[in-house]
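A.B. asks: Dropping a structure here in structure tokens format, bear with me for questions.
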Amino acid sequence: MLSAPSQLLERNIELFNDEGWLIINPADAYFTDRLTDLSLDVLHQYFDIYAESVRVIPCTILDSRDILTTQTGIFSDQKVGKHQHFFAPFLSTPQRYSNIVIYLPKAKAHYAMLIKMAASLVQQGGSIYVVGENKGGIKSASKLLSNLGHVDKVDSARHCSLLRCEVAQPQPDFDIQQSLSYFDIAVNGQEATIASLPGVFSHEELDEGTHLLLEKLPSSLRGGILDFACGAGIIGCLLKRQFPHLNISYLDVSALALYSTAHTLAESGLTGTLMAANGLHGVDEQFNHIVTNPPFHTGIKTDYTVTKRFIADAARLITSGGNLHMVANRFLPYPGLLAETFERVQTLAQTNRFSVYQAIKV
974 MLSAPSQLLE RNIELFNDEG WLIINPADAY FTDRLTDLSL DVLHQYFDIY AESVRVIPCT
1034 ILDSRDILTT QTGIFSDQKV GKHQHFFAPF LSTPQRYSNI VIYLPKAKAH YAMLIKMAAS
1094 LVQQGGSIYV VGENKGGIKS ASKLLSNLGH VDKVDSARHC SLLRCEVAQP QPDFDIQQSL
1154 SYFDIAVNGQ EATIASLPGV FSHEELDEGT HLLLEKLPSS LRGGILDFAC GAGIIGCLLK
1214 RQFPHLNISY LDVSALALYS TAHTLAESGL TGTLMAANGL HGVDEQFNHI VTNPPFHTGI
1274 KTDYTVTKRF IADAARLITS GGNLHMVANR FLPYPGLLAE TFERVQTLAQ TNRFSVYQAI
1334 KV
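The sequence shown begins at 974 in the working numbering and counts up by one.
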């Protein structure tokens, strides 16, 4: 099913008559199916839509050292018909596109970064389009876009708006390093410098839940560890600094997060295996422990399908005698959900906002 922004683009399908389009972060894998006769490129910063679009890659394994040396930004790419799909935190290419469409992200700083990147990739006289939901901030998105030229509203429907800006002047090359922020943290006597890009969870700060989880992790961890939904790599990096014998892998759906993690590890002189995946789908490796501040624990939801699937997949990947350590909002029913799959569940710590749980696979 098409997302609301994609429905608005479909309503304006006549815009896509010529070659030379780049689509950035489509909210679904289906709008490009309406453009099968058109050659175009698609940049995905999120692996779930990328994998669904190319339909052949359940998981991508990366070395943090390779991420540091990539010049194009591309982690994975796949050709589907006339469409070239890229999974990457950024795109650096001598090619200049006649038109670029950006799906508006949630974070304003992320949007600002995408505008700079798109401006460097569009040819002089070309257009940058921004599509997004009204409640997502599209009404204020024109202000930043107007720095590049005059902005017109092309259309509004489905509680969304489509903006267009013709870029009249050449723009400077995009440098992803200018978007990286660095901040220092200290937990359990361990200090680290964290690198983070806009759009990554807990950008530029150590959030309270992760801090509590790190404080309560036992010193008995051994073997292979998976830092699930690693974000900027804070959990795995602190664990590796404290317990150098651990073999830690880092998994996230976001290319921005994996790029940040690679730089976080480099700041501490560390390396690691990075995994791009949609949840734990497509991951076959076994781990002694999974440690996580998962991304699906904000707000009150009655549908826990995603949570239950994660718990079941975690139990599948954890070796006998291993465990899952996670932090979540205190009011959510994780003890009961974990007990449906794991033999032993206990609460290691609680605050007025968060709880840290340990689920043991016997």
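Cβ coordinates follow ideal geometry from the N, Cα and C atoms, glycine included.
Bear in mind that the values here come from a model prediction, so they are computed numbers and not experimental data.
On the premise that residue 1136 lies in contact with residue 1115, defined as a C-beta separation below 8 Å, what is that separation, rounded to the nearest angstrom?
C.D. replies: Confirmed, about 5 Å.
A.B. asks: Could you compute how far the alpha carbon of residue 1275 sits from the alpha carbon of residue 1252?
C.D. replies: Interpretation of residue 1275 is limited by its pLDDT of 49, a score under 50 that renders its predicted location unreliable; the figure taken from the coordinates is listed afterwards. Residue 1275 and residue 1252: Cα-Cα distance of roughly 20 Å.
A.B. asks: Excluding the five sequence neighbours on either side, which residues of its own chain have a C-beta within less than 7 Å of the C-beta of residue 1088, listed in chain order?
C.D. replies: So the list reads 1117 and 1118, once near-sequence residues are dropped.
A.B. asks: What does a CB cutoff of less than 7 Å around residue 1027 pick up in its chain, not counting 5 residues either side in sequence?
C.D. replies: Around residue 1027: 1051, 1053 and 1058.
A.B. asks: Within a Cβ cutoff of 6 Å, which residues of the same chain sit near residue 1256, ignoring the five residues on either side of it in sequence?
C.D. replies: Hits under 6 Å: 1032 and 1250.
A.B. asks: Starting from the C-beta of residue 1132, find all residues in its chain whose C-beta is less than 8 Å away, skip the five residues before and the five after it, and write them out in chain order.
C.D. replies: Excluding sequence neighbours, residue 1132 sits near 977, 1106, 1107 and 1108.
A.B. asks: Where do the N-terminal and C-terminal ends of the alpha helix (DSSP H) with residue 1042 fall, by residue?
C.D. replies: Element bounds for residue 1042: 1037 to 1042.
A.B. asks: Quick check on DSSP: helix, strand or coil for residue 1123?
C.D. replies: If DSSP states are grouped into helix, strand and coil, residue 1123 belongs with coil.
A.B. asks: Please classify residue 1074: is it buried, with 16 or more other beta-carbons within 10 angstroms of its beta-carbon, or exposed?
C.D. replies: Looking at its Cβ environment, which holds 16 or more other Cβ atoms inside 10 Å, residue 1074 is buried.
A.B. asks: Suppose you measure from the CA of residue 1308 to the CA of residue 1139; what does that come to, to the nearest Å?
C.D. replies: The alpha-carbon atoms of residue 1308 and residue 1139 are separated by roughly 53 Å.
A.B. asks: Any contact between the region 1028 to 1047 and the region 1061 to 1072? By contact I mean 3 or more CB pairs, one from each, below 8 Å.
C.D. replies: The region 1028 to 1047 vs the region 1061 to 1072: in contact.
A.B. asks: How big is the Cα-Cα spacing for residue 1327 and residue 1209?
C.D. replies: Approximately 20 Å between the Cα atoms of the pair.
A.B. asks: Do residue 1264 and residue 1199 have their C-beta atoms closer together than 9 Å?
C.D. replies: Cβ distance < 9 Å, so residue 1264 and residue 1199 count as in contact.
A.B. asks: Where does residue 1295 land, buried or exposed, given buried means 16+ other C-beta within 10 angstroms?
C.D. replies: It counts as buried.
A.B. asks: Please specify which runs of the beta strand (DSSP E), each continuous and at least 3 residues long, are wholly inside the region 1091 to 1178, giving them in chain order.
C.D. replies: Counting whole runs of 3 or more residues, the region 1091 to 1178 contains the beta strand (DSSP E) stretches 1095 to 1106, 1124 to 1130, 1133 to 1139, 1154 to 1160 and 1163 to 1169.
A.B. asks: Looking only at its own chain, which residues have a Cβ that is under 8 Å from the Cβ of residue 998, when we skip the five neighbours before and after it?
C.D. replies: If we look at residue 998 and ignore the five residues flanking it on each side, its Cβ neighbours are 1016, 1017, 1018, 1019, 1022, 1075, 1076, 1078 and 1087.
A.B. asks: In terms of residues, what are the limits of the beta strand (DSSP E) holding residue 1330?
C.D. replies: Residue 1330 -> beta strand (DSSP E) spans 1327 to 1333.
A.B. asks: Strictly by DSSP, which residues pair up with residue 1317?
C.D. replies: The partner list for residue 1317 (beta bridge, DSSP) reads 1333.
A.B. asks: Can you tell which of 1285, 1080 and 987 has its C-alpha closest to the C-alpha of residue 1110?
C.D. replies: Per the Cα distances, 1080.
A.B. asks: Residue 1187 and residue 1211 - do their beta-carbons sit closer together than 9 Å?
C.D. replies: Contact flag set, yes.
A.B. asks: Just curious, the beta strand (DSSP E) that residue 1074 is in, first and last residue?
C.D. replies: Residues 1070 to 1076.
A.B. asks: For residue 1271 and residue 1168, I'd like the C-alpha separation in whole angstroms.
C.D. replies: Confidence is the limiting factor: at residue 1271 the pLDDT is only 46, short of 50, which leaves the residue's position unreliable, though a coordinate-based value still follows. C-alpha separation (whole angstroms): 24 Å.
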